[in-house]
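Below is one structure; the comments refer to it alone.
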Amino acid sequence: MGDVTVRTGERLENGVPHPVTETTGKGLLRRLRAPRRPRLWFEILLIALSYWTYSLVRNAVPEQRTAALRNADWIWRVEQQLGIAVEETVNHAVNSVTWLVVGMNYYYATLHFVVTLGVLVWLYRSHPGRYAATRLVLFATTGVALVGYYLYPLAPPRLMTGGHFIDTVMVHETWGSMASGDLKNMSNQYAAMPSMHIGWSVWCGLTIFALASVPWVRVLGLVYPALTLVVIVATANHFWLDAVGGLACLAFGYGLAYVWYGRMPYALPSQLRAVVPLGRHGWAQRHPVSAGPRDPRPQPQQK
């Protein structure tokens with residue numbers, strides 16, 4: 000691209016493109032908010048480090064057994080008053096069908112991670128312009144959940160002393176949960192509120208439903224969190240109200256993303272705009288820039 004001619008007073012001067020340095024706080028904030036193409040190595044490192052930190056902090060929260068059991072009793076009484084305390088009935092009904100409960104145990108242990116990572120990879124490849132904002136929702140949801148684990152320790156139904164819930168992993172001897180069987184000492188037993196199985200699955204479902212183009216895939220996006228809700232209750236890992244807590248955390252995540260980016264993640268452009276180089280010094284622009292008013296005098300034809 001050649002030099003730009005601009006009028007200053009009565010003279011014509013050759014304008015040289017200069018990089019615009021955004022030194023103000025507003026300019027810096029605008030740059031930070033601008034969607035950028037994610038780097039694969041950075042995303043892999045970020046996700047791995049974030050999950051390691053999440054697991055470390057979650058399991059480092061003091062296991063306040065007495066408070067957790069007391070809170071579980073309170074949750075159970077509230078649900079009974081609301082008429083929604085059917086977890087025990089669902090738990091016993093599913094446990095009577097071996098193939099079904101074993102499948103749910105493995106569902107609980109694996110899809111929570113597999114589907115979430117799969118959606119992140121799909122976003123990275125197909126919707127790079129929306130990736131960072133949607134990832135922010137997931138990270139913010141998980142971060143605020145850690146606060147909930149610390150402030151409100153809660154025992155899952157299968158650990159209630161006065162209940163008759165069945166620990167389906169223990170009974171059927173399946174690898175179905177880090178919080179049951181031989182692996183229980185590696186995980187915080189009393190971090191049931193909020194349910195990140197619900198927080199993450201609804202995040203996956205909404206993302207798939209909003210962005211997928213194939214109708215049956217969009218339907219699967221809605222089915223996945225609904226099925227997850229049944230699984231967490233049937234395996235006695237959560238109360239219904241734990242799911243409500245997960246939804247509240249997810250709402251916080253979407254709210255934070257909206258405040259930061261100025262719109263919902265799914266409303267952002269799917270693809271990033273190409274950066275156009277200006278001149279030989281490597282300056283670039285993302286939006287058209289006006290070079291001032293045109294010279295009204297006719298210009299000579301170039302041969």
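Residue numbers (numbering that gives the first Met the number 0): 0 to 302.
Every residue, glycine too, gets a C-beta built ideally from N, C-alpha and C.
Remember, it's a predicted structure, so these values are computed and weren't measured experimentally.
Looking only at its own chain, which residues have a Cβ that is under 7 angstroms from the Cβ of residue i, when we skip the five neighbours before and after it?
i	result
Gln270	Pro127 and Gly128
Thr115	Trp199 and Cys203
Leu99	Val93
Gly117	none
Determine the contact status of residue i and residue j, defining contact as a CB-CB distance below 8 angstroms.
i	j	result
Ile74	Leu153	yes
Pro163	Ser194	Per the sequence presented here, residue 163 reads as His, with Pro not at that position. No.
Gly252	Gly147	no
Gly204	Leu228	no
His111	Ile165	no
Gly198	Thr140	yes
Val136	Ala256	yes
Quick one: is residue i buried, meaning 16 or more other Cβ sit within 10 Å of its Cβ, or exposed?
i	result
Leu122	buried
Arg134	buried
Pro264	buried
Thr167	buried
Leu210	buried
Based on Cα-Cα distance, which residue from the options lies nearest to residue i?
i	options	result
Trp259	Ala132, Met192, Val100 and Asn104	Ala132
Val96	His171, Leu249, Tyr265 and Ala256	His171
Gln63	Ala190, Val101, Leu48 and Leu99	Ala190
Ala250	Leu39, Phe138, Glu42 and Asn94	Phe138
Cys248	Arg76, Ile46 and Leu145	Leu145
Tyr53	Asn94, Arg124, Ser125 and Val143	Val143
Tyr223	Tyr106, Pro264, Glu87 and Val168	Tyr106
Gln188	Thr65, Pro214 and Leu39	Thr65
Met169	Leu210, Asn94, Ala209 and Trp51	Asn94
Pro268	Ser125, Leu219, Phe41 and Glu86	Ser125
Can you round the beta-carbon distance between residue i and residue j to whole angstroms, since I take them to be within the 8 angstroms contact cut?
i	j	result
Ile207	Val216	6 angstroms
Tyr151	Met192	5 angstroms
Ala235	Pro156	4 angstroms
Ala233	Met103	6 angstroms
Ile43	Leu119	Contact flag wrong, Cβ pair sits at about 10 angstroms.
Here's a check: name, in chain order, each residue in its chain whose Cβ is nearer than 6 angstroms to the Cβ of residue i, leaving out the five neighbours to either side.
i	result
Leu240	Ile74
Met159	Ala71
Val101	His171 and Thr173
Ala242	Ser194, Ile197 and Leu228
Arg262	none
Ala67	Pro152, Leu153, Ala154 and Tyr189
Leaving out five residues before and five after residue i in sequence, what residues of the same chain have Cβ atoms less than 8 angstroms from its Cβ?
i	result
Ile303	Missing from the structure shown is residue 303; the chain here goes from 0 to 302 and no further.
Gly161	Asp72
Leu219	Ile207
Ser49	Phe138 and Thr141
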